[in-house]
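Residue numbers (the working numbering): 414 to 808.
A virtual CB, placed ideally from N, CA and C, is assigned to each residue, including glycine.
Comments concern the structure below.
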Ligand SMILES: *Cc1c(COP(=O)(O)O)cnc(C)c1O
């Protein structure tokens with residue numbers, strides 16, 4: 414198997430897409446797949462398609478395919494809803510597992526939605542839990558005996574900094590805490606062995622490196638040995654042991670299925686299933702090696718050409734995910750000028766320009782070309798054009 418596999422994606426001509434860490438590109442065949450699901454399944458079979466087209470099983474089938482990419486056994490990954498919801502579910506279950514403890518530990522580099530969901534859950538429970546935030550480098554030392562759950566995103570969305578999943582999980586367990594990993598910037602980006610980590614929960618989204626499209630369903634993993642004791646906080650009918658018996662009382666399904674909530678998004682799941690075919694035969698170690706090569710080359714090229722930009726990612730590839738960030742005061746207009754020239758990355762306030770590297774559809778030639786265009790925008794100060802200084806809603 415060789416990388417890249419550009420032929421599997423529909424990328425517009427002339428675009429260097431360095432934003433697959435935020436929204437993956439359209440996989441070839443996905444549009445046709447959705448058209449078939451709509452016409453031949455929904456259109457022709459109507460409600461029968463839940464059985465005839467395997468719609469009811471699709472969340473589990475897709476979950477198992479994601480499981481292969483994160484080292485999770487069959488049946489341990491449920492799909493659906495959004496990542497924010499899955500964070501809520503995992504944390505609610507974790508807090509029930511440690512009723513005597515009141516602290517949720519996370520870090521200041523975490524994605525805001527994870528923190529908002531945690532605080533919202535704490536407020537809803539109303540049992541005086543505390544969301545405690547420390548700097549990412551201080552997490553390990555902050556895991557004390559009062560911590561119920563450690564909620565961390567492995568790869569920082571701004572800087573690409575990567576936590577040591579194995580070591581932190583071990584420390585959490587030594588202190589008696591439950592470990593929840595958010596794999597939003599890990600799944601499809603770096604090798605993950607969630608089983609080896611021994612973490613209780615993992616969650617992630619599928620529209621970033623997994624190319625499932627905007628609004629693609631999220632996933633949640635629960636360690637198989639704890640599933641039977643989990644009380645789902647969002648006890649929806651499709652997490653019931655027997656949804657179509659329409660019982661008045663909730664009885665959780667026996668496996669991770671209990672972390673399903675309501676009706677699955679079939680069209681999005683069909684896109685995702687198609688997108689996941691791009692991973693067939695991909696060895697995550699090969700992918701990681703290619704990702705490191707691309708990131709290292711990018712850093713070298715950009716630093717040599719643009720001394721105005723400051724690397725905002727760890728220099729050590731081991732401590733980094735599959736993205737590279739540069740800080741620059743005028744990062745927003747610079748990024749707009751780059752996008753206008755076909756180099757698509759994105760901007761995160763206050764001053765971070767993010768570039769994602771996705772070996773499925775990028776090679777070193779793309780990286781060099783992107784660095785040349787960045788140099789042009791910086792040297793000629795093209796970003797000063799007022800057109801590039803108007804803020805859009807999505808940055
Ligand atoms: C992208 C991302 C999210 C987004 O959550 P949604 O509910 O899918 O919008 C949440 N957490 C992290 C860590 C992310 O990277």
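Quick check: residue i and residue j, are their CB atoms within less than 8 Å of each other?
{"i": "residue 811", "j": "residue 522", "result": "For the chain, the structure presents residues 414 to 808; residue 811 sits outside this window and is missing."}
{"i": "residue 571", "j": "residue 761", "result": "yes"}
{"i": "residue 716", "j": "residue 724", "result": "yes"}
{"i": "residue 517", "j": "residue 504", "result": "yes"}
{"i": "residue 629", "j": "residue 617", "result": "no"}
{"i": "residue 747", "j": "residue 790", "result": "yes"}
{"i": "residue 562", "j": "residue 511", "result": "yes"}
{"i": "residue 557", "j": "residue 580", "result": "no"}
{"i": "residue 500", "j": "residue 634", "result": "no"}
{"i": "residue 568", "j": "residue 484", "result": "no"}
{"i": "residue 770", "j": "residue 704", "result": "yes"}
{"i": "residue 758", "j": "residue 602", "result": "no"}
{"i": "residue 637", "j": "residue 671", "result": "no"}
{"i": "residue 685", "j": "residue 418", "result": "no"}
{"i": "residue 476", "j": "residue 623", "result": "no"}
{"i": "residue 429", "j": "residue 756", "result": "yes"}
{"i": "residue 740", "j": "residue 712", "result": "no"}
{"i": "residue 559", "j": "residue 514", "result": "yes"}
Could you give the first and the last residue of the continuous beta strand (DSSP E) run that contains residue i?
{"i": "residue 633", "result": "632-635"}
{"i": "residue 520", "result": "516-520"}
{"i": "residue 614", "result": "614-617"}
Could you tell me which of the options sits nearest to residue i, measuring between CA atoms?
{"i": "residue 493", "options": "483, 509, 471 and 524", "result": "471"}
{"i": "residue 612", "options": "640, 734, 434 and 720", "result": "640"}
{"i": "residue 486", "options": "607, 497 and 548", "result": "607"}
{"i": "residue 657", "options": "416, 676 and 506", "result": "676"}
{"i": "residue 441", "options": "495, 549, 447 and 423", "result": "423"}
{"i": "residue 542", "options": "648, 509, 502 and 699", "result": "509"}
{"i": "residue 655", "options": "661, 666 and 595", "result": "666"}
{"i": "residue 782", "options": "446, 754, 533 and 460", "result": "754"}
{"i": "residue 460", "options": "679, 774 and 513", "result": "679"}
{"i": "residue 547", "options": "565, 535 and 533", "result": "565"}
{"i": "residue 807", "options": "745, 792 and 788", "result": "745"}
{"i": "residue 552", "options": "693, 585 and 474", "result": "585"}
Can you give me the start and stop residues for the alpha helix (DSSP H) that residue i sits inside?
{"i": "residue 650", "result": "From DSSP, residue 650 is part of no alpha helix (DSSP H); its letter is neither H nor E."}
{"i": "residue 478", "result": "471-483"}
{"i": "residue 753", "result": "744-753"}
{"i": "residue 445", "result": "443-449"}
{"i": "residue 792", "result": "777-792"}
From the DSSP output, which residues share a beta bridge with residue i?
{"i": "residue 560", "result": "516"}
{"i": "residue 768", "result": "737"}
{"i": "residue 592", "result": "563"}
Within 8 Å (strictly less), CB to CB, does residue i reach chain D?
{"i": "residue 683", "result": "Here chain D cannot be found, since the structure has a single protein chain."}
Chain-ordered list of residues that sit, by beta carbon, closer than 6 Å to a heavy atom of ligand 1: 495, 496, 497, 524, 526, 527, 566, 570, 595, 597, 598, 618 and 631
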